[in-house]
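Q: What the sequence shown shows, in the working numbering, is residues 403 to 595, in sequence order. A virtual CB, placed ideally from N, CA and C, is assigned to each residue, including glycine. Quick caveat, the model's predicted, so the values are computed rather than measured.
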Amino acid sequence: MPKQSTILTLCAIALIGCGSGEEDDQPASPAGPATEADAAVSAAMPADWISVDDAARTVSITLLAGETDANNRWNFNGYASGEATVVVPLGYTVTVNFENRDPAHRHSVGVLAKAASYPAIFDEATPVFDGAITSNATSMAEATAPGGGTESITFVASQAGEYALVCPVPANAVTGMWIGFEVSESGDSGLRN
């Protein structure tokens, strides 16, 4: 029995030493897309709920809270926890037509600073751009009503950068009710996921 144990141990060591057969000493890829194909993957793509009028310099976004069952209906157009990013061109006027399709919970939306995590309760939800938040956004009793409540907000995307569309109703953002919002200096628009 000890002889079998020794043979098995030596075989295991030999297998580990052989590796997977793949080259492990290839250099790490540089930050950012390495090829045109990688760049295409990270490019913003058209989405039927984001409409851009370059001549008028406007963007219209139909943002639906609780559209799907994803993340317990605490999602925007089916996305949660930063799974997607809405991209708008710098300087454009943005209108967000917000509808709460969640049948049970109130929701809201604001363009807030992007963060690694969000609090369970916002002491204050200050939008990055003037007008970029729905009314009573932090209230469980007065945010946009469930079952089809609507509200529209309009603002100018006046500063390039990475932000987030966040629901600051208590417990929503901390559990993933947020997606990215990017203001692009290069003029890109659409959805990146």
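Below 7 Å CB to CB, which residues in the same chain sit around Phe-531 once its five sequence neighbours on both sides are set aside?
A: The residues are Val-513, Phe-557, Val-558, Ala-559, Ser-560.
Q: Give every residue of the same chain whose Cβ lies closer than 6 Å to the Cβ of Glu-501, excluding the five residues on either side of it in the sequence, and list them in chain order.
A: Taken in chain order, the residues that qualify are Leu-466, Thr-552.
Q: Check Asn-473 in the structure and name its three-state DSSP category.
A: The answer is helix: DSSP assigns Asn-473 an H, G or I state.
Q: Using only the alpha-carbon positions, how far apart do Thr-577 and Gly-533 sit?
A: If you take the alpha carbons of Thr-577 and Gly-533, they lie about 25 Å apart.
Q: Can you give me the Cβ contacts of Gly-480 inside the same chain, cut-off strictly under 7 Å, excluding the 5 residues immediately before and after it?
A: Counting only Cβ-Cβ distances below 7 Å, and skipping sequence neighbours, we find Glu-469, Thr-470, Ala-472.
Q: Rounded to whole angstroms, what's the CA-CA distance from Ala-515 to Leu-567? Just pull it up for me.
A: For Ala-515 and Leu-567, the distance between alpha carbons rounds to 9 Å.
Q: Taking Cβ positions, are Tyr-520 and Trp-580 nearer each other than 9 Å?
A: Closer than 9 Å, so yes.
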